[in-house]
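Take the sequence shown: its position 156, counting from 1, is numbered 986 in the numbering used here, and each next residue is one higher. All C-beta atoms in this analysis are idealised placements derived from N, C-alpha and C, irrespective of residue type, glycine included.
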Amino acid sequence: MYAKHIMPLFLVVIAIGWFMPSGNDTLVIPADETRPVQMIPATASNGSFDNGKSNDIQQLLPDKITLVRENDGHFYADVDVNFGKIRFLVDTGASMVALTGDDARKLGLNWSADELRPIARGASGDVRGKLVTVDKMQIGNFQANNVPAAIIPDGLDVSLLGQSFLARVGSVNIQDDKMIFN
């Protein structure tokens, strides 16, 4: 049953990156936005987020964050997005940040059914969504502004932290059961 739910999600993520529309609708990241983000002091007193699981995010050094692999084999991060906090599955294979409909609504991002268009192709067919730009995303000391993202109201169970944010962190390494941002 687990593979039954993960495989379509994986295919959606791959398809978003593969089938990004081209032409006037394409989001382009300006060259100066692709460099690693400036380190900014964390908002929490110890640089970590408290979501009831003290080992999810640990501040190792002022410019290093470690995520611990969870029981399902994935890495998750609580990210400050605009003026809210969203729990993301960290997906290094996703081209961009993908928000569930519920998470997008929590952030005040709105859409209507007529704004949804095919943005990817998954195992079940077209993936419909809306391309947006997120003003600010921050995890610990790592912050990025004007992050390209997609709202996918149907078919996405958890928001994905993809390359449109991760590429700005500097480096992301996996060692054993830890993912290290530095």
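- request: Below 6 Å CB to CB, which residues in the same chain sit around Lys-1010 once its five sequence neighbours on both sides are set aside?
  value: A small correction: the amino acid at residue 1010 is Ile; Lys does not occupy that position in the sequence shown. Within the same chain, Cβ atoms closer than 6 Å to the Cβ of Ile-1010 are found at Thr-896, Asn-1003, the five residues on either side in sequence being excluded.
query: From Ile-981 to Arg-958, what does the alpha carbon distance come to, in whole angstroms?
result: One alpha carbon belongs to Ile-981, the other to Arg-958, and they sit about 9 Å apart.
- prompt: Is Gly-931 helix, strand or coil by DSSP?
  reply: Residue state for Gly-931 is assigned as helix, using DSSP reduced to three classes.
Gly-1000 versus Thr-922 - alpha carbon distance: Taking C-alpha positions only, Gly-1000 is separated from Thr-922 by approximately 13 Å.
Simplified DSSP state of Asp-956, which is helix, strand or coil: Here Asp-956 carries a strand assignment [DSSP, helix/strand/coil].
message: Strictly by DSSP, which residues pair up with Ile-982?
response: DSSP lists Thr-930 as partners of Ile-982.
- prompt: Are Leu-996 and Thr-930 closer than 9 Å when you measure CB to CB?
  reply: Taking 9 Å as the cut-off, the beta carbon of Leu-996 is found no closer than this to the beta carbon of Thr-930.
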